[in-house]
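Everything below concerns the one structure shown next.
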Amino acid sequence: MITFESVTKRYPDGTVAVDRLSLEAPTGEITVLVGPSGCGKTTSLRMINRMIDATEGRILLDGEPVQGIDPPTLRRGIGYVIQQAGLFPHRKIVDNVATVPYLLGWDRKKARGRAMELLERVGLDPALARRYPFQLSGGQQQRVGVARALAADPPVLLMDEPFSAVDPIVRTNLQDELLRLQSELNKTIVFVTHDIDEAIKLGDRVAVLRVGGTLAQVADPKTLLSEPADDFVREFLGHDRGIRRLQFVSTEALRLRTDLTVPEGGAGGASGEPWLLVVTGDGRPVGWRSGERPGELEPYGTFVHGRDSMRTALDAALLSPSGCAVAVDEEGRVVGVATRRALDEALAEAADG
Amino acid sequence: MGDGPPSIWEWIGRNWDTGRVDSIKSLLTDHLTMSFVPILLALLVALPLGLACVRWRWLYQPTSGLMNVVYALPSLPVFMLLISVTGLSQATVIIPLTFYGMAVLIPAVVDGLNSVPDHVRQSAVAMGFTPLRRLLLVELPIAAPVVLAGLRVVAVSSISLVSVGALIGQGGLGGLFTRAYQNPFLPPVIVGIVLIVALALIADGLLVLAQRLLTPWVRARKGAAA
Numbered sequence: 260m261i262t263f264e265s266v267t268k269r270y271p272d273g274t275v276a277v278d279r280l281s282l283e284a285p286t287g288e289i290t291v292l293v294g295p296s297g298c299g300k301t302t303s304l305r306m307i308n309r310m311i312d313a314t315e316g317r318i319l320l321d322g323e324p325v326q327g328i329d330p331p332t333l334r335r336g337i338g339y340v341i342q343q344a345g346l347f348p349h350r351k352i353v354d355n356v357a358t359v360p361y362l363l364g365w366d367r368k369k370a371r372g373r374a375m376e377l378l379e380r381v382g383l384d385p386a387l388a389r390r391y392p393f394q395l396s397g398g399q400q401q402r403v404g405v406a407r408a409l410a411a412d413p414p415v416l417l418m419d420e421p422f423s424a425v426d427p428i429v430r431t432n433l434q435d436e437l438l439r440l441q442s443e444l445n446k447t448i449v450f451v452t453h454d455i456d457e458a459i460k461l462g463d464r465v466a467v468l469r470v471g472g473t474l475a476q477v478a479d480p481k482t483l484l485s486e487p488a489d490d491f492v493r494e495f496l497g498h499d500r501g502i503r504r505l506q507f508v509s510t511e512a513l514r515l516r517t518d519l520t521v522p523e524g525g526a527g528g529a530s531g532e533p534w535l536l537v538v539t540g541d542g543r544p545v546g547w548r549s550g551e552r553p554g555e556l557e558p559y560g561t562f563v564h565g566r567d568s569m570r571t572a573l574d575a576a577l578l579s580p581s582g583c584a585v586a587v588d589e590e591g592r593v594v595g596v597a598t599r600r601a602l603d604e605a606l607a608e609a610a611d612g
Numbered sequence: 353m354g355d356g357p358p359s360i361w362e363w364i365g366r367n368w369d370t371g372r373v374d375s376i377k378s379l380l381t382d383h384l385t386m387s388f389v390p391i392l393l394a395l396l397v398a399l400p401l402g403l404a405c406v407r408w409r410w411l412y413q414p415t416s417g418l419m420n421v422v423y424a425l426p427s428l429p430v431f432m433l434l435i436s437v438t439g440l441s442q443a444t445v446i447i448p449l450t451f452y453g454m455a456v457l458i459p460a461v462v463d464g465l466n467s468v469p470d471h472v473r474q475s476a477v478a479m480g481f482t483p484l485r486r487l488l489l490v491e492l493p494i495a496a497p498v499v500l501a502g503l504r505v506v507a508v509s510s511i512s513l514v515s516v517g518a519l520i521g522q523g524g525l526g527g528l529f530t531r532a533y534q535n536p537f538l539p540p541v542i543v544g545i546v547l548i549v550a551l552a553l554i555a556d557g558l559l560v561l562a563q564r565l566l567t568p569w570v571r572a573r574k575g576a577a578a
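In order, the protein sequence lines correspond to chains G and U. Using this note's numbering, the first residue of the first sequence is number 260, and each one after it goes up by one. Using this note's numbering, the first residue of the second sequence is number 353, and each one after it goes up by one.
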């Protein structure tokens with residue numbers, strides 16, 4: 260656990276970057292520091308590994324004040340991932356990943372072995388190990404950055420806007436990958452971002468900081484969205500706070516209809532329903548057929564029933580002219596259809612809770 | 353061959369190794385000493401000075417200003433001035449050439465170190481490098497291509513500038529040119545020019561080779577860009 264005890268950072272010119280910040284980052288969880296630029300989130304992060312020293316207050320690492328630990332020693336025990344990956348251009352990927360093990364005096368073979376293991380773990384082709392950082396894409400470099408931070412198996416990981424310099428698709432992949440890694444590794448992670456969506460997606464706890472380095476609110480994402488502490492937090496969360504809250508509402512309770520599907524090539528269905536979902540022989544969706552134009556198939560949207568959130572289900576419904584969302588299982592086979600009425604009922608419920 | 357001036361090959365054969373100070377072999381040795389000692393000295397001085405200029409930024413402007421002035425001084429009067437201190441020795445040539453080398457190498461070291469991206473330096477700090485290890489294992493290797501490029505300029509110019517020292521009797525192969533004044537006879541001039549150019553090309557080639565061996569990642573980067 261990382262504990263901030265009334266930590267202040269004041270620069271010689273009088274600027275206060277962080278103002279009496281008290282915060283806990285629990286062991287094995289992802290704590291996200293989020294806020295606009297100038298809110299002191301990066302400064303706070305860097306005070307943990309003493310790249311910046313606090314002016315007042317204490318930062319404790321499992322009860323021990325970091326100010327009492329020699330900086331290089333402290334840093335070798337804390338993984339660090341930086342925005343542009345910060346890979347060493349003159350070292351091969353494998354040696355970049357093995358940086359901290361080398362510093363800790365591991366022998367070369369053991370360090371490289373560990374590096375290869377980690378490359379695989381973060382989803383990189385081992386063939387990349389012999390290349391130099393310039394030969395990798397931004398997303399690949401960022402994965403190497405994560406592998407490097409994990410190389411000596413530190414219990415704590417600091418991440419400073421690690422995914423903000425890559426394109427949105429790669430960013431989403433990296434975020435999913437981080438959550439997958441975290442479910443295996445259970446590190447104590449402090450993650451800095453200015454992107455509230457990223458904070459809500461990744462954080463077990465989200466700390467919102469305001470300009471001047473004061474803490475506005477710290478809460479789990481769901482509470483943050485439903486009970487923002489003040490106007491600043493409300494504004495920072497953005498206008499579609501209600502929609503975003505749906506990503507914490509499960510689709511498990513969503514009522515599904517199973518009588519709206521017809522097999523591919525089958526008859527038009529005499530049920531009188533305006534829309535019917537055409538499925539393949541093994542249960543995969545093909546498209547919606549309307550009663551008015553039975554010759555054409557319209558697009559459909561799917562969500563994984565029970566796993567995906569109401570937000571995904573609603574999105575799936577809006578993607579189709581039928582207004583219905585297709586529920587599938589993990590293998591992509593249709594398990595039912597959530598109609599407008601079913602969605603409506605679930606939304607009404609979510610709005611209450 | 354009998355009468356008439358000797359051919360160039362005959363002249364080389366006769367003057368290659370006479371055991372006297374003006375034999376081609378001993379001039380070549382002198383030339384090598386007077387060009388390589390300044391290159392080495394300049395590098396040895398420029399490295400710590402360059403580091404200091406990066407560490408304390410206010411130092412860079414005065415240092416580079418002074419070095420530019422030194423670089424602008426014509427070599428001949430500098431040699432003349434130094435004679436009163438160091439006499440007609442090799443040091444009279446070596447000292448100014450060292451300063452010329454520094455004038456090129458100090459900015460090269462500074463530019464090289466400044467070419468280390470900030471995020472790379474910061475991640476080195478965050479990984480737990482001590483300042484000395486960071487310098488030796490991260491910053492200097494990344495600065496190496498820029499420093500080596502400066503070193504190539506210094507090597508070639510140093511090898512060619514030594515010959516000016518012939519005017520004070522310490523010019524290495526440049527000594528072959530002064531003889532042509534006294535006696536309109538071409539072979540010594542041709543031999544001098546060919547040897548100096550060859551030396552410069554060999555030194556440059558060795559440095560290019562060193563660059564390839566020391567900084568394979570630069571080539572990798574160019575390959576990726578192509």
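Using N, Cα and C, we set each Cβ at its ideal position, and we do this for glycine too.
Using the DSSP secondary-structure output, state which residues sit across from residue i in a beta bridge.
| i | result |
| --- | --- |
| Pro324 (chain G) | G:Leu319 |
| Phe491 (chain G) | Answer is none; Phe491 (chain G) lacks a bridge partner. |
| Thr290 (chain G) | G:Val449, G:Arg464 |
| Pro616 (chain G) | The structure shown does not extend to residue 616 (chain G), since chain G is modelled only from 260 through 612, so no value can be given for it. |
| Phe263 (chain G) | G:Leu282, G:Ile318 |
| Phe562 (chain G) | G:Ala586 |
| Asp354 (chain G) | According to DSSP, which records beta bridges pairwise, Asp354 (chain G) is partnered with nothing at all. |
| Pro544 (chain G) | G:Val538 |
| Lys268 (chain G) | G:Val277 |
| Glu557 (chain G) | G:Trp547 |
CB residue i to CB residue j, shorter than 8 Å?
| i | j | result |
| --- | --- | --- |
| Ala370 (chain G) | Ala357 (chain G) | yes |
| Ile494 (chain U) | Ala398 (chain U) | no |
| Arg469 (chain G) | Cys298 (chain G) | yes |
| Thr301 (chain G) | Gly462 (chain G) | no |
| Gly542 (chain G) | Ser475 (chain U) | no |
| Leu578 (chain G) | Gly560 (chain G) | yes |
| Met432 (chain U) | Gly524 (chain U) | no |
| Ala572 (chain G) | Ala610 (chain G) | no |
| Phe507 (chain G) | Pro487 (chain G) | no |
| Val293 (chain G) | His453 (chain G) | yes |
| Met454 (chain U) | Ala394 (chain U) | yes |
| Pro348 (chain G) | Phe393 (chain G) | yes |
At a Cβ threshold of 8 Å, is residue i touching chain G?
| i | result |
| --- | --- |
| Thr438 (chain U) | no |
| Gln474 (chain U) | yes |
| Val477 (chain U) | yes |
| Val490 (chain U) | yes |
| Gly417 (chain U) | no |
| Gly502 (chain U) | no |
| Gly371 (chain U) | no |
Counting C-beta neighbours from all protein chains within 10 Å, is the total for residue i 16 or more, i.e. buried, or is it exposed?
| i | result |
| --- | --- |
| Phe537 (chain U) | exposed |
| Ser510 (chain U) | buried |
| Ile373 (chain U) | Per the sequence shown, the amino acid found at residue 373 (chain U) is Val instead of Ile. Exposed: under 16 other Cβ atoms inside 10 Å. |
| Trp569 (chain U) | buried |
| Trp547 (chain G) | buried |
| Arg350 (chain G) | buried |
| Ile261 (chain G) | buried |
Compute every distance between the C-beta of residue i and the non-hydrogen atoms of the ligand COA, then say whether any falls below 7 Å.
| i | result |
| --- | --- |
| Gly554 (chain G) | Among the components of this structure there are no ligands whatsoever, and the ligand COA is therefore not found. |
Please compile the residues from chain G whose C-beta is within a distance smaller than 7 Å of the C-beta of residue i.
| i | result |
| --- | --- |
| Pro493 (chain U) | His349 |
| Trp569 (chain U) | Pro348, His349, Tyr391 |
Any beta carbon from chain U within less than 8 Å of residue i's own beta carbon?
| i | result |
| --- | --- |
| Gly398 (chain G) | no |
| Ile318 (chain G) | no |
| Ile341 (chain G) | yes |
| Gly372 (chain G) | no |
| Gly345 (chain G) | yes |
| Pro413 (chain G) | no |
| Met418 (chain G) | no |
| Pro285 (chain G) | no |
| Asn432 (chain G) | no |
| Pro324 (chain G) | no |
| Met306 (chain G) | no |
| Leu362 (chain G) | yes |
| Met310 (chain G) | yes |
Since residue i meets chain G, which of its residues come closer than 9 Å, beta carbon to beta carbon?
| i | result |
| --- | --- |
| His383 (chain U) | Result: empty, since nearest Cβ-Cβ is about 35 Å, beyond 9 Å. |
Listing by chain order, which chain U residues have their CB less than 7 Å from the CB of residue i?
| i | result |
| --- | --- |
| Leu387 (chain G) | Ordered by position in chain U, no residue passes the 7 Å Cβ test against Leu387 (chain G), which lies about 13 Å from the chain. |
For residue i, return the contacting residues in chain U, with the cut-off set at a CB-CB distance below 9 Å.
| i | result |
| --- | --- |
| Val359 (chain G) | Met479, Gly480 |
Run down chain U in chain order and give the residues with a C-beta less than 8 Å from the C-beta of residue i.
| i | result |
| --- | --- |
| Arg335 (chain G) | Met479, Gly480 |
| Pro331 (chain G) | Gly480, Phe481, Thr482 |
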